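Reading through the structure tokens given below for one structure.
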Amino acid sequence: MIYFVGAGSGAPDLITVRGARLLAQADVIVYAGSLVNPALLDGRKEGCAVYDSARMTLEEVLAVMVPAAREGKRVVRLHTGDPCVYGAHREQMDALDAEGIPYEVCPGVSSFCGAAAALRAEYTLPGVSQTVILTRMEGRTPVPEQERMEALAAHGSSMVVFLSAGRLETLSRRLIAGGYPPETPAAIVYKATWPDEKVVRTTVSGLAEAAKRENITKTALITVGGFLGSAYERSKLYDPAFTTGFREGKP
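All the letters of the sequence shown, read from the start, carry residue numbers 22 to 272 under this note's numbering.
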């Protein structure tokens, strides 16, 4: 069996209980060494073979995992955060399907959740935003035309931008062109939940300057939207006058 395991957002104790158990039982671990905290490997069992996928191609990763699984070994493919967000694990699963190799996915804490924790923020605030957009700037990997930054910015919702910390002048310009006012609150969260985590609060127009001042060029999430401000409406769920299936509202 092969297990795709979300390593969490950085802190080694933010892996799930299930993920930690699978790691401890693994005969083979293939981990994303450029992003996963290596401290997670400290609990591996004696004799476990470890491979750093940062130096491997898809074919090389499969060449490790498939024979090991066929030999009856327990394989863990350790991805940063949750593998469903920019994890590139769909292509691995499709290849395993073609080979008839069984696998399971163990979800993890995504870095966008770690960023919210660092910011002490809630992405979905009544009267502010009820939608969260997770996206990235196009680079060597393009994005669909309908998902260009200007089109997404037009919604004015809460936004988390991955893999774009090195292009903040362009990002600011395109966010403003799409509809965010220049003074819209924004924040850069560097290495959320890692020991060297850093939070830099700024505005959409000030993103590039703030990153330059703090010497941040990679491994950071960009968060944008009114949820970073101070104004919002009280939740109806806990309003004394609001009736739910569990209690009667009182005027």
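For every residue, glycine included, the Cβ atom is placed at its ideal position computed from N, Cα and C. All values reported here derive from a predicted model rather than from experimental measurement.
CA-CA distance, Val87 to Arg98, rounds to 11 Å.
For Gly40, the secondary structure class from DSSP, reduced to helix, strand or coil, is helix. Here the alpha carbons of Lys271 and Tyr259 stand approximately 12 Å from one another. Cys127 and Ala75 have their C-alpha atoms roughly 21 Å apart. By DSSP's assignment, Pro206 forms a beta bridge with Thr224. Under the three-state reduction of DSSP, Cys127 is assigned to strand.
Around Ala175, the same chain offers Gly199, Gly200 as residues with beta carbons nearer than 7 Å, after the five sequence neighbours per side are excluded. For the pair Ile154 and Ser256, the Cα-to-Cα distance works out to about 21 Å. Between the alpha carbons of Val181 and Pro123 lies a gap of roughly 33 Å.
From the listed residues Arg234, Ser226, Glu92, Ile197, the smallest Cα separation to Gly177 is found for Ile197. According to the DSSP assignment, Leu242 belongs to no alpha helix (DSSP H) but to the beta strand (DSSP E) extending over 241-245. Fewer than three Cβ pairs drawn from the stretch 56-64 and the stretch 230-239 lie within less than 8 Å of each other, which leaves the two stretches out of contact. The beta carbon of Tyr107 is closer than 8 Å to those of Arg157, Phe183, Leu184 in its chain, skipping five residues each way along the sequence. For Leu155, the enclosing beta strand (DSSP E) has its first and last residue at 153-157. DSSP, reduced to helix, strand and coil, places Val82 within a helical segment of the structure shown. In the DSSP assignment, Ser193 falls outside any beta strand (DSSP E) and lies within the alpha helix (DSSP H) extending over 189-199.
Tyr24 and Ile36 have their alpha carbons spaced roughly 14 Å apart.
With the rule of 3 Cβ pairs closer than 8 Å, the stretch 111-121 does not count as touching the stretch 218-225.
Distance between Ala213 and Tyr52, taken at the CA atoms: about 19 Å. The DSSP-derived three-state label of Ala90 is helix. Annotation for Phe248: Ala142, Glu143, Tyr144, Leu146, Val149, Ser150, Ser179 place their beta carbon closer than 7 Å to its own, counting only its chain and skipping 5 residues before and after. A buried status is given to Leu189, since no fewer than 16 other beta-carbon atoms sit within 10 Å of its beta-carbon. Per DSSP, the continuous alpha helix (DSSP H) segment holding Asp118 begins and ends at 111-120. Ranked by Cα distance from Glu204, the first of Gly246, Ala186, Ser131 is Gly246. In this structure, the alpha-carbon of His110 lies about 43 Å from that of Thr264.
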